[in-house]
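Residue numbers (numbering that gives the first Met the number 0), protein chains in the order written: chain A, 0 to 515; chain B, 0 to 492; chain C, 0 to 105; chain D, 0 to 228.
Heads up, the beta-carbon is just placed ideally off N, CA and C, and yes, glycines get one too.
All values derive from a computational prediction rather than experimental measurement.
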Amino acid sequence: MTPLLPTGGGSLSFALDSVSVPYLFLFGVIWTVSGLYSFVTTPRGARRRIFAYYLPSAIGGVTVALAADAISFYLCFALMALPAWGLITAGGTPEGRRAGAIYLTLTVIGEALLLAALALMAVEAGGLRLDMLVTAMATSPVRDLATGLLLASIALKIGTLPASGILPLSYAYAPAGPASALAGASAKVGALAMLRLLPAGVMPENWAAVVMLAGLTTAFGAAALGILTTTPRAVLGYSSASQMGLVLIAAGAGLADPAAVPLSHAAIIAFSLHHGLAKSALVLGDDIVARTAGRARSLALAGLALPALALVGAPLTSGFVAKYALKDAVYALSGSVPHAVYSLLPWAAVGTAGLMIRFFILTARHAQVAPDTRHRAPAALWGGILVLVAVTCWAWPATWNHHAIEAVLDPRALLTATWPALVALGLTAVVRQTRGVFARLDGALAPGDILVTGARLVRAANAALPSRKPSERVTAETGPQAGRPLLGVEERLVTWVTASTLFVLLAVALVLLATR
Amino acid sequence: MNVVHHLPALLVITPLVGACVAFVAGRRVAPHVALATATADVVLAVLFAARVLAEGPFRYRIGGWGAPMGIDLVADGMAALFIVLTSIVGLVVTVYASGYFRSTDPTAYGHGLFWTLWLFMWTSLNGLFLTGDVFNVYVCIELVGISAVALVTISGGPDALRAGMRYLFASMLGAMTYLLGVALLYASAGAVDMATLSERLVPDTTAATGLALMVAALVLKTALVPAHFWLPTAHASAPTPVSAALSALVVKGSYFVVLRLMLDVMPDGYLPGAATLLGVLGAAAIVWGSVQALVQTRIKLLVAYSTVAQIGYLFLVFPLARNGRDVLALALTGALVHATAHGLAKGGLFLAAGGLITRFGHDRLAEMRGAARAVPVLTFAVALSGVTMMGLPPSGGFAAKWLLISAALTSGEWWWAVVLVVGGLLAAAYMFRLVAILIADAPAETAPAPKPVRTEWLPLALTAAAVLLLFAVPLISDLAAASTTLQSAGVTP
Amino acid sequence: MTTYDVYVAGGAVLFALGTYGLLERSHLVHKVIAANFMGSGIFLVLIGLANRTPTPEPDPVPQAMVLTGIVVTVAMTALGLAIVKRYFSETGRTTLDADEKPGERR
Amino acid sequence: MPERPRIRLVPLAASLAVFALVLRAVHALPDTATGLSAEMTAGAKASGIKNVVTAVLLDFRGYDTLLEIAVLMLATIAVLSLRTDPDALSRRISGVAGPVLGALTRAYVPIMIVVAGHLVWIGSSGPGGAFQGGAVLGAAGILLALSGFARPRWSSGAPMRWVLAVGLLTFIAVALLPLALGGTLLQYPDESRKSLVLLVEILLTLSIGASLTSLFLASASDTSEGERR
């Protein structure tokens with residue numbers, strides 16, 4: 000009847016293309032390894048509850064890479080994101096619950112924005128296929144609106160400032176296995192959305208500049224926030240937000256200039272692969288360290304160094320490859336903003352290095368839990384991921400790692416890749432010397448920063464709302480605080496006289512409108 | 000006699016005969032009569048839908064007179080869809096009720112008259128979906144009204160009686176307003192057959208007043224904000240299977256007539272402003288119903304206010320319908336998918352809520368924390384219904400919202416799309432609140448299962464059907480295409 | 000102004016009176032009676048309008064509508080009174096409670 | 000609770016607005032209109048039923064009437080479902096009333112039955128019909144029950160349920176009969192139209208009478224409950 004109709008089973012189309020392959024690989028590996036890790040580390044009794052959420056999330060999380068039309072993309076996107084709430088709240092702690100509530104609120108808002116964007120694009124395109132949608136956007140009058148909605152939705156997914164708290168909230172409270180999946184794959188769906196949905200090379204320059212600046216701000220801002228938190232996983236969460244800021248820069252690079260589009264897309268893919276695997280390995284490694292003692296613990300800490308160095312972009316790591324891809328993309332642009340971004344990029348690595356040092360200090364410091372008798376299986380899984388971290392980006396059959404492979408022996412490039420880490424080490428040393436000044440800042444921030452503060456404010460505002468009849472039974476029934484005045488209004492609205500009079504007035508209004 | 004030719008008549012007569020037989024046969028045999036009738040009705044409904052799909056809309060001339068003298072039944076895709084929905088939900092409600100109404104006290108539950116009343120309601124709904132005559136609509140909505148009120152009051156408690164009385168007075172007010180409208184309409188156009196009316200209608204004050212009064216009355220019966228006042232109490236105080244039938248089906252009956260009047264009877268733009276007003280009220284219903292659902296402290300009231308909100312979506316079709324055939328097709332299909340999805344999901348949700356109330360012995364949400372451990376199946380059913388209320392794929396709720404948003408954006412009236420998106424967010428909020436309470440990590444004090452557990456699987460079946468409804472959208476779209484509304488050629492009497 | 004205009008105008012008056020009563024009177028029996036007023040008003044309007052035919056015989060369709068309407072109204076009234084009665088015997092009240100919360104269970 | 004007399008302005012204004020709108024709508028009508036009377040009169044002539052209104056009720060719009068009977072039966076059942084104590088009235092009226100009432104009842108009831116029959120019979124040509132007959136029959140039923148000739152509890156017994164349903168069931172059977180003969184629902188065959196209509200009318204009268212009696216007795220049955228409080 001109309002191409003906009005979801006035609007049942009046929010409307011859910013999936014396809015394998017050059018974008019799907021790396022993401023299918025990434026999501027497949029991460030959800031599988033994390034799933035196995037969860038399985039071996041979760042006590043038998045708790046497995047059912049964890050996997051009731053993990054499995055749908057994993058199904059959505061893997062198939063989203065293949066989704067080829069608006070409906071299946073939205074379906075997989077939602078299927079991955081919503082059950083993750085159950086993983087975050089699995090611990091049952093009040094903080095976990097609050098984190099889950101904030102995560103869910105932002106996710107649902109993000110979903111709504113995505114739905115609006117997809118619908119807008121589908122109506123313009125007169126069809127549902129993702130490639131049609133993007134093509135139609137190029138010339139559409141609602142291009143800016145749709146792009147804005149998309150970017151807002153993606154920003155909520157990847158923790159762009161001011162929503163950067165969503166990532167630490169989603170990693171910090173889930174059990175290690177699911178947290179590793181969320182850390183490795185969840186935000187990367189945002190990267191996938193950038194590739195699949197954002198108009199490429201057709202937007203005005205300003206759009207590209209604004210998006211890149213937002214990415215840059217997040218890269219620095221999230222790093223600063225992360226250094227102030229006190230749990231290793233929260234640090235990792237802020238690090239993710241910071242790194243996704245870099246991905247946003249890559250996406251911004253491809254918005255306006257058609258020539259930069261291939262480079263931009265390559266950088267997004269490279270960063271996703273690199274960061275997804277490395278971050279997943281870090282979350283698992285943190286858990287491994289907590290489970291081991293003595294020599295095994297030292298060994299685990301040494302193993303953790305690999306993904307940490309990768310994030311910093313040290314030579315010979317996957318981060319080195321990804322940074323090159325990103326630099327290439329930004330370098331291809333002209334104008335003052337890209338130049339500024341280009342020159343500031345290495346400094347972002349200083350922030351990342353700082354975060355990693357902070358992460359190491361916290362991980363090494365945190366108490367050991369009772370040694371797990373079955374730690375061989377988790378360790379083996381972790382080892383597998385570490386191997387992938389080391390190899391994948393270098394061995395991936397694509398063009399985006401050529402530049403890095405060429406530069407791998409260039410001393411200048413090696414220096415460029417190393418100095419941020421050295422600067423960070425130096426800064427750390429300075430900070431440690433002058434502990435007195437910074438001690439007060441240590442742990443000044445709960446994971447989730449302004450989001451948690453916002454949630455507290457909402458709660459406080461609810462509690463402060465005047466209640467009509469405090470003695471009412473509703474109070475005793477722990478009805479929502481904000482509900483009482485609303486219930487009161489409705490109570491008066493549905494009394495017979497009021498309601499039936501309203502109806503007659505409605506009828507009169509209808510008649511008057513009809514006979515105008 | 001070929002049954003296929005008489006399907007419209009048989010769809011009304013079968014449950015009517017069932018009602019009479021159930022009444023005469025007495026309380027012990029009645030459940031079996033009802034089950035047999037329900038099964039027969041499902042078969043007839045499916046055959047009917049198949050015939051409409053195969054042959055397109057047709058009219059059934061009762062008494063052989065034909066309109067405008069006689070009464071015609073209009074068999075089209077829209078009617079077929081609602082009849083199939085009624086039969087599916089009806090069958091599930093019947094099976095559920097056979098487990099629910101097991102009382103040894105002969106005076107409990109209306110002396111075993113539930114089955115008769117329920118089959119009368121079924122008759123009247125089918126009659127309402129089939130009739131092509133505005134006066135016959137009056138008789139049918141009175142049948143719906145009386146049976147619905149009687150079913151609400153059947154448990155006889157003071158709350159049920161008070162709710163039933165409000166419902167009855169609302170019904171009376173609506174019925175009288177409707178009948179006055181019919182009187183004026185007949186005085187102006189000289190016909191009561193819908194197809195004839197659509198030809199003879201002239202834009203004079205009398206006909207417009209009549210139609211506006213009729214629409215207002217039906218809006219009251221459909222419980223669109225601000226005329227929703229009777230719904231929450233009635234739907235919340237009724238016995239569980241009745242709540243499910245009321246929320247899933249009964250409000251759709253009067254809504255269906257609004258569809259017929261606004262889209263079939265009236266020429267394009269006949270009631271200027273009325274369509275916009277209905278859309279605005281729909282938007283208000285979405286917001287106000289959701290907000291109220293969010294703050295309720297009792298589970299059935301939460302579900303009932305969710306119905307108030309979901310009804311709002313159905314009325315967005317009217318402002319959108321003025322934007323050409325393509326938008327109309329999108330919007331109408333969206334509304335029909337929504338009605339179907341909501342019917343299935345809300346039927347399931349009310350049955351699940353009823354199951355929870357039975358297990359806990361009360362309906363206070365706050366004291367249902369941690370119910371999931373004791374009643375995982377019901378909790379899962381509630382969660383699934385949430386999927387479609389929020390409009391997540393692949394549920395029918397998603398398909399409906401997608402179609403309505405597409406219609407709004409295609410027409411350029413983007414503000415309706417904003418309403419739809421906000422409605423989804425609000426629905427997410429109240430459904431999550433409900434689910435979060437049920438799966439909270441708290442020891443729940445429930446009674447051991449006193450009912451046969453099969454009743455727990457029925458709500459799950461309904462909500463699961465709603466979640467998978469996306470895959471039936473092509474079928475619904477075909478049915479919408481086979482409606483008289485979209486078949487301009489199909490309206491000749 | 001013909002005789003039938005009087006019927007119609009009288010019908011409209013009855014209808015409006017009934018509407019007011021149904022809306023405003025709080026005694027439940029008053030409400031039921033008010034609804035009957037509304038019904039009778041419509042029947043008068045129908046009878047009045049049926050006589051606009053050019054022939055001496057009035058239009059039979061509105062008359063048939065009135066007959067059907069009367070039966071339906073009788074049915075509604077009977078149910079209304081029965082519920083009012085049962086409600087009174089359960090609670091001893093004759094009004095809908097405006098001040099009680101909807102759907103509350105005891 | 001005594002109600003203090005007061006006028007609420009908004010409901011009053013709303014009702015007045017409805018009044019004004021109805022008057023305006025009626026005023027806009029032309030002075031004459033034929034409606035469907037011409038078709039109906041011609042159709043009635045063809046069908047052999049002299050009273051056009053009866054023809055409209057039982058033939059042209061017989062489906063309305065079928066559902067209307069259903070409404071009446073439904074209301075009766077709904078009222079029956081609301082009884083608290085089915086036997087309360089039976090306990091209060093235990094024996095046949097005194098000599099005067101007994102004699103009067105004995106004299107009146109047969110006359111009422113004859114009147115009811117007459118009303119049904121003349122329905123085909125003049126004012127009258129099943130409802131009018133049924134009303135008289137219902138009154139007779141109430142008289143019998145109140146004066147103790149019939150036990151009020153019979154109003155809900157199994158035989159009474161049959162009587163209540165027989166009119167509708169017959170109507171349905173007659174409505175379905177044409178389906179076997181190649182017609183549609185309620186398409187009476189021309190040769191037997193009159194007798195079928197009469198059969199339906201007679202049995203309907205019985206059921207309507209029973210309905211009205213039951214309505215009265217069922218809601219009268221628990222009067223004592225309310226009085227006790």
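{"Check": "Whole angstroms are fine: how far does the CA of Ala463(B) sit from the CA of Asp40(B)?", "Outcome": "22 Å"}
{"Check": "Measuring straight from C-alpha to C-alpha, what distance separates Ala145(A) and Ile404(A)?", "Outcome": "38 Å"}
{"Check": "For the candidate residues Val39(A), Ser17(A) and Leu25(A), whose alpha-carbon lies nearest to that of Ala378(A)?", "Outcome": "Val39(A)"}
{"Check": "Using beta-carbon positions only, say whether Val141(A) and Leu197(A) come within less than 9 Å of one another.", "Outcome": "no"}
{"Check": "Give the single residue among Ala334(B), Leu293(B) and Glu412(B) whose Cα lies nearest to the Cα of Ser476(B).", "Outcome": "Ala334(B)"}
{"Check": "Thinking C-alpha only, which one of Val162(D), Ala138(D) and Leu197(D) is nearest Phe215(D)?", "Outcome": "Ala138(D)"}
{"Check": "What are the boundary residues of the beta strand (DSSP E) that includes Ala74(B)?", "Outcome": "Asp71 to Ala74"}
{"Check": "Considering only C-alpha positions, which residue in the set Thr316(A), Arg195(A) and Pro337(A) is nearest to Ser71(A)?", "Outcome": "Arg195(A)"}
{"Check": "Does any residue of chain C bring its CB to less than 9 Å from the CB of Thr514(A)?", "Outcome": "no"}
{"Check": "Going along the chain, which residues of the segment 219-253 of chain B sit with their C-beta nearer than 7 Å to a C-beta in chain A?", "Outcome": "Leu219, Pro225, Ala226 and Phe228"}
{"Check": "Quick one: residues in its chain with C-beta nearer than 6 Å to the C-beta of Ala178(A), no 5 flanking neighbours on either side, listed in chain order?", "Outcome": "Tyr170 and Val282"}
{"Check": "Can you give me the Cβ contacts of Pro82(A) inside the same chain, cut-off strictly under 6 Å, excluding the 5 residues immediately before and after it?", "Outcome": "Tyr52, Pro55 and Ser56"}
{"Check": "How close, in whole Å, do the beta carbons of Val495(B) and Val70(D) come, if the pair is a contact with beta carbons under 8 Å?", "Outcome": "Residue 495(B) lies beyond the range of chain B shown here (0 to 492); nothing can be said about it."}
{"Check": "Across the segment 335-348 of chain B and the segment 367-387 of chain B, are there enough close Cβ pairs to call them in contact, namely three or more that are closer than 8 Å?", "Outcome": "yes"}
{"Check": "Counting only runs that start and end within the segment 176-225 of chain B, where is the alpha helix (DSSP H) found for 4 or more residues in a row?", "Outcome": "193-199 and 204-221"}
{"Check": "In the segment 71-90 of chain C, which residues sit with their C-beta less than 8 Å from some C-beta in chain A, listed in chain order?", "Outcome": "none"}
{"Check": "Please classify Thr398(A): does DSSP put it in a helix, a strand, or coil?", "Outcome": "coil"}
{"Check": "What residue range is occupied by the uninterrupted beta strand (DSSP E) comprising Arg58(B)?", "Outcome": "Phe57 to Arg60"}
{"Check": "Give me the residue from Leu211(D), Leu142(D) and Leu185(D) with the minimum Cα distance to Arg60(B).", "Outcome": "Leu185(D)"}
{"Check": "Give me the Cβ distance between Leu48(C) and Ala186(B), rounded to the nearest whole Å; I'm assuming they're in contact under 8 Å.", "Outcome": "4 Å"}
{"Check": "Do you know offhand how far Leu223(B)'s Cα is from Val503(A)'s?", "Outcome": "13 Å"}
{"Check": "Going by C-alpha to C-alpha distance, which of Val95(D), Arg192(D) and Ala172(D) sits closest to Ala149(D)?", "Outcome": "Val95(D)"}
{"Check": "Given this structure, state the Cα-to-Cα distance separating Gly59(A) from Thr106(A), to the nearest angstrom.", "Outcome": "15 Å"}
{"Check": "Cβ closer than 8 Å: which chain B residues qualify as neighbours of Leu15(D)?", "Outcome": "Per Cβ cutoff of 8 Å: no residues; Leu15(D) is ~15 Å from chain B at best."}
{"Check": "Under DSSP, the alpha helix (DSSP H) around Ile6(D) begins and ends at which residues?", "Outcome": "Looking at the DSSP string, Ile6(D) is not in any alpha helix (DSSP H), and its letter there is neither H nor E."}
{"Check": "Give every residue of the same chain whose Cβ lies closer than 6 Å to the Cβ of Ile139(A), excluding the five residues on either side of it in the sequence, and list them in chain order.", "Outcome": "The sequence given here places Ser at residue 139(A); Ile does not occur at that position. Excluding sequence neighbours, Ser139(A) sits near Glu123."}
{"Check": "Between Leu468(B), Ala441(B) and Leu383(B), which lies nearest to Pro458(B) when the distance is taken from Cα to Cα?", "Outcome": "Leu383(B)"}
{"Check": "Could you check whether the Cβ of Gly189(B) sits closer than 8 Å to any heavy atom belonging to the ligand NAD?", "Outcome": "Ligands are entirely absent from the displayed structure, and the ligand NAD is therefore not among its contents."}
{"Check": "Output the distance between the C-alpha atoms of Thr357(B) and Phe431(B), rounded to the nearest integer angstrom.", "Outcome": "22 Å"}
{"Check": "Alpha carbons only, please: which of Arg51(C), Val71(C) and Gln62(C) is nearest the one belonging to His26(D)?", "Outcome": "Arg51(C)"}
{"Check": "Short of 9 Å Cβ to Cβ, which residues in the segment 175-187 of chain D face chain B?", "Outcome": "Leu175, Pro177, Leu178, Ala179, Leu180, Gly181, Gly182, Thr183, Leu184, Leu185, Gln186 and Tyr187"}
{"Check": "Counting only Cβ pairs nearer than 8 Å, list the residues of chain D close to Pro53(C).", "Outcome": "Thr31 and Thr33"}
{"Check": "Note down, in chain order, every chain C residue with its Cβ under 8 Å from the Cβ of Pro473(B).", "Outcome": "Within chain C, no residue comes near Pro473(B); the closest Cβ sits about 40 Å away, beyond 8 Å."}
{"Check": "Anything in chain B within Cβ reach of Gly61(D), meaning under 7 Å, just list it in chain order.", "Outcome": "Gly62"}
{"Check": "According to the neighbour-count rule (16 or more other Cβ atoms, all chains shown, within 10 Å of its Cβ), is Ala71(C) buried or exposed?", "Outcome": "One point to set straight first is that residue 71(C) is Val, not Ala, in the sequence displayed. Label assigned to Val71(C): buried."}
{"Check": "Helix, strand or coil for Thr83(D), going by three-state DSSP, please let me know.", "Outcome": "coil"}
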